[in-house]
Amino acid sequence: MKTYICQICGDAYIGEGKPTECPFCGARENFIKIGKEALPILNQETPARNATLARNASHNDASGHSVAGGKISETDKKNLLETLDLELKANSLYLCMASKAKSYEIKAMYKRLAKVELEHAIIATKFLKIERPGIDAESCSEEEIENFNKTIELEDHATKLYAGFAKTAEDRNIKILFTALAQVEEDHIKLIKNYL
Ligand SMILES: [Fe+2]
Ligand SMILES: [Fe+2]
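Per the working numbering, the sequence shown runs over residues 7 to 202.
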C-alpha cells in the first residue's frame with residue numbers, strides 16, 4: 007500500500023496504485039503524486055505571494071517553501087468567490103437530485119458529485135482564507151432526465167468559467183487550480199452523458 011496525494015485538494019489516497027482521478031476533488035491523474043513528491047498547491051509559495059513572503063521571511067521554512075500567506079490579486083479573489091458560490095450551489099442542487107433519483111446508482115452518483123463540488127468550494131475558501139458560508143437549499147425536478155440536462159448545463163457553464171479564470175489568473179497556483187477544475191467539470195459532463 008502507498009500514500010498518494012492530490013496536488014489540488016491536498017487529500018491523501020491510500021492504495022496499491024495511483025487512482026485515475028482524485029477520489030475527493032476529481033482532479034485528473036497528472037495532479038496525483040506519490041506522497042514524498044507531493045506539494046499541494048495550497049502549501050506552495052507562488053510568485054504572486056513572493057512580495058509578502060519576502061517581508062515575512064521568518065515564516066519560510068528551511069526548504070524555502072512557505073506557508074501560503076501572500077496576497078492574492080483582486081481578479082483572482084473575485085473569481086474564487088464566484089467559484090465558491092457556484093460550487094456550493096452545485097453541492098445543494100446535486101443533493102436535491104440525489105433525493106429524487108429513481109435508482110440507487112443515480113442517488114449514489116449525485117451524492118458523490120455533491121461531495122466533489124463541496125470539496126471544490128472548500129479549496130476556494132482555503133485560498134480566500136475565509137470560513138465556509140452556509141449553504142442554501144436548491145430545488146430540482148422530480149424528473150431524472152430534467153435533472154441530467156440541468157446538470158450538464160451547470161457543468162458546461164462551470165467548465166467555460168474556470169477555463170476563463172485559468173487564463174486570467176495572476177497567481178500560478180490559482181491558474182493550476184482553475185485548469186484542474188475546468189477538467190473535472192468537463193469530466194462530469196461526460197459522466198452524465200452516459201445516462202442520456
Ligand atoms: Fe466543481
Ligand atoms: Fe461538477
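Glycine included, C-beta positions come from ideal geometry on N, C-alpha and C.
This structure is a prediction, so every number in the text was calculated from the model and none was measured.
- In chain order, the residues that have a beta carbon nearer than 7 Å to some heavy atom of ligand 1 are Glu93, Ala96, Val122, Glu123, His126, Ala164, Leu187, Val190, Glu191.
- Between Asn36 and Met103, the CB-CB gap reaches or exceeds 8 Å.
- Taking a cut-off of 8 Å for Cβ pairs, the segment 89–103 and the segment 134–147 touch, as three or more such pairs fall below it.
- Look at the segment 15–50 and you find these whole runs of beta strand (DSSP E), each 3 residues long or longer: 18–21, 38–40.
- The Cβ atoms of His126 and Glu93 sit closer than 8 Å to each other.
- Beta bridge pairing from DSSP links Cys102 with no other residue.
- In this structure, the alpha-carbon of Ala96 lies about 13 Å from that of Val190.
- Ranked by how close their Cα comes to the Cα of Lys117, the residues Phe30, Asn49, Thr131, Lys83 have Phe30 in first place.
- Boundaries of the beta strand (DSSP E) harbouring Tyr10: 8–12, taken from the DSSP string.
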